[in-house]
Structure formats: structure tokens, C-alpha cells
Amino acid sequence: MYNLLLVIGYTPETTAETRAAFAEALQSAGRALPDVRGLLVQPTLPGVYNGGDLLCRLVFDDAAACARAFATENWQTIEAQLADGTQVATLERVGYDGGLRGDTTDKAGIYRVALFCANVRPTAERLAAFGRQTASMPSYIKSIRRWQLSGATTASGTRPWTHVWEQEYENLDGLNGPYMMHPAHWAHVERWFDTEYTEHLVDPVLVHTFCAIDAAVIIG
1197 MYNLLLVIGY
1207 TPETTAETRA
1217 AFAEALQSAG
1227 RALPDVRGLL
1237 VQPTLPGVYN
1247 GGDLLCRLVF
1257 DDAAACARAF
1267 ATENWQTIEA
1277 QLADGTQVAT
1287 LERVGYDGGL
1297 RGDTTDKAGI
1307 YRVALFCANV
1317 RPTAERLAAF
1327 GRQTASMPSY
1337 IKSIRRWQLS
1347 GATTASGTRP
1357 WTHVWEQEYE
1367 NLDGLNGPYM
1377 MHPAHWAHVE
1387 RWFDTEYTEH
1397 LVDPVLVHTF
1407 CAIDAAVIIG
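In our numbering, each residue carries its 1-based index in the sequence shown increased by 1196.
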């Protein structure tokens, strides 16, 4: 499967009514896209970091299907709104094929995604080690119900994002407690983000964002 993620941040002047209308238009346009396999349009929850105000995640069979869908008139109207600087202040856009993944449930809960830019001495060996350690976290952190670690194929926004790290939880406690505080996170994976460690790999600017979901969205 091919995924397209949009992390949309509104300008301070954008009213609640305008935000709601845009989210509804995005939802409607997404549903109308040909060959779309999955769609998420949800406002972010309090506590995100560089996480925007609205998440949109679309799933297609492949990148070609995504390109065909985005060439439709309905979606071009959305693109025009995304480019409107009076309404949208920030936009992180990442396309990626489904990567390493695992799951235990498809229930409602919390969807969390992090975007990383691995740009500090990104040798193949270091990137592979970072990927292995990140993908090992669900083996230790049992609050992660579904997950996927993918390499970006296209990216734009604040950074040229290289990695998309997605998880689903029953609730925010599973993210803010067991995930953030587990030794597998702060004693091992964290060193790839810390400038004081020789392993330092990931740019300090990252995206950490999440929203409520009615059913599983990590499907490939």
C-alpha cells in the first residue's frame, strides 16, 4: 500500500467555522477519490509538537493510483486551499510505501505519527540500526496496539522527512506513559536524537502529533 500524510497547521486568523468547513471539504474530497483504500481526516489533540491542527492520511494501492487520484478536479480544489497562505500556515506532506508493521487490534483509540529527518551522517549502516531499534519498541511497549515504520519516498515541509513512525493506542495514557517513559524509548532509541551521543542521527526538528480514531487506520 502507498500512504500520503498531510499535517496541516492553520493560521491564527482562521476561524473555527472555516476550519470545520475545510475539514468537511477535505473529508468529502477524500471519499470521492478514485481507488482510495483508506481515509483519515481528524483534528489533532492538545499536546502535539509541531503537529499542526488537522491530520489527513490517505491509502492507495500504489503511488501511481495516488497520483491519478490527486489529478482529479475535486482534489485540485483542495490543493488550492492548502496553498492559501491566509488559511494554512504550515503543511507537512509525506508519501511512503507501507514499511515494517505489526498489529493486535482494529479498535478505536489514538493514532500517533512522528516524522523524522535522519540527516546527521546518515550512512546505510546507521540508518539500518536506527530502523531496527525503532521497530523493536512494540516488542517491549505493550500499549502499542498497531504500528508501522516507513521510509519516506516524497516529503516536503519543515524538513525533508526520511522516516514515518506510526502507532495506535487505546488512549493517550498509553502514549504519554508506557511509550514515552519506557527504557526501550529513553535509554536506547533516544540516543539517535540526542546531540550528546555519538549515535546522534536525527535532526532536532521533528513532528509529534496525534488524534482520535474510530477504527484502525494503519492498514498498509
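Quick reminder that beta carbons are idealized off the backbone N, C-alpha and C, glycines included. No experiment lies behind these values; they were computed from the predicted model shown.
Inter-residue spacing [alpha-carbon to alpha-carbon] between residue i and residue j
{"i": "V1360", "j": "L1345", "result": "6 Å"}
{"i": "Q1283", "j": "C1252", "result": "16 Å"}
{"i": "R1233", "j": "A1219", "result": "19 Å"}
{"i": "T1214", "j": "A1221", "result": "10 Å"}
{"i": "E1321", "j": "G1353", "result": "26 Å"}
Burial state of residue i (16 or more Cβ within 10 Å)
{"i": "D1249", "result": "buried"}
{"i": "Y1336", "result": "exposed"}
{"i": "Y1393", "result": "exposed"}
{"i": "T1349", "result": "exposed"}
{"i": "N1315", "result": "exposed"}
{"i": "G1243", "result": "exposed"}
{"i": "R1317", "result": "exposed"}
{"i": "S1224", "result": "exposed"}
Cut-off 8 Å between Cβ atoms - residues of its own chain near residue i, not counting five sequence neighbours on either side
{"i": "T1300", "result": "R1341 and R1342"}
Neighbourhood of residue i by C-beta distance below 6 Å, restricted to the same chain and skipping five residues each side
{"i": "Y1245", "result": "H1404"}
{"i": "L1229", "result": "A1265"}
{"i": "L1202", "result": "C1252 and R1289"}
Nonlocal neighbours in the same chain, by C-beta distance under 7 Å from residue i, ignoring five residues either side
{"i": "P1379", "result": "none"}
{"i": "C1407", "result": "Q1238, P1239, T1240, L1241, L1251 and Y1307"}
Supposed contact pair residue j and residue i - C-beta distance, whole angstroms, cut 8 Å
{"i": "I1409", "j": "V1255", "result": "Contact flag wrong, Cβ pair sits at about 14 Å."}
Problem set entry | Unbroken stretches of the alpha helix (DSSP H), 4 residues or longer, contained in the stretch 1245-1276 | Taking 4 residues as the shortest admissible run, the stretch 1245-1276 contains the following complete alpha helix (DSSP H) segments, listed from N- to C-terminal end: 1259-1266.
Exercise. Which ranges does the alpha helix (DSSP H) cover as unbroken runs of at least 4 residues, wholly within the stretch 1380-1415, from first to last along the chain?
Worked result: Annotation note: the stretch 1380-1415 contains no uninterrupted alpha helix (DSSP H) run of length 4 or greater.
For this session: Please list the segments of the alpha helix (DSSP H) lying wholly inside the stretch 1291-1337, counting only runs of 4 or more residues, in order along the chain.
Result: Taking only runs of at least 4 residues, the alpha helix (DSSP H) segments lying wholly in the stretch 1291-1337 are 1320-1336.
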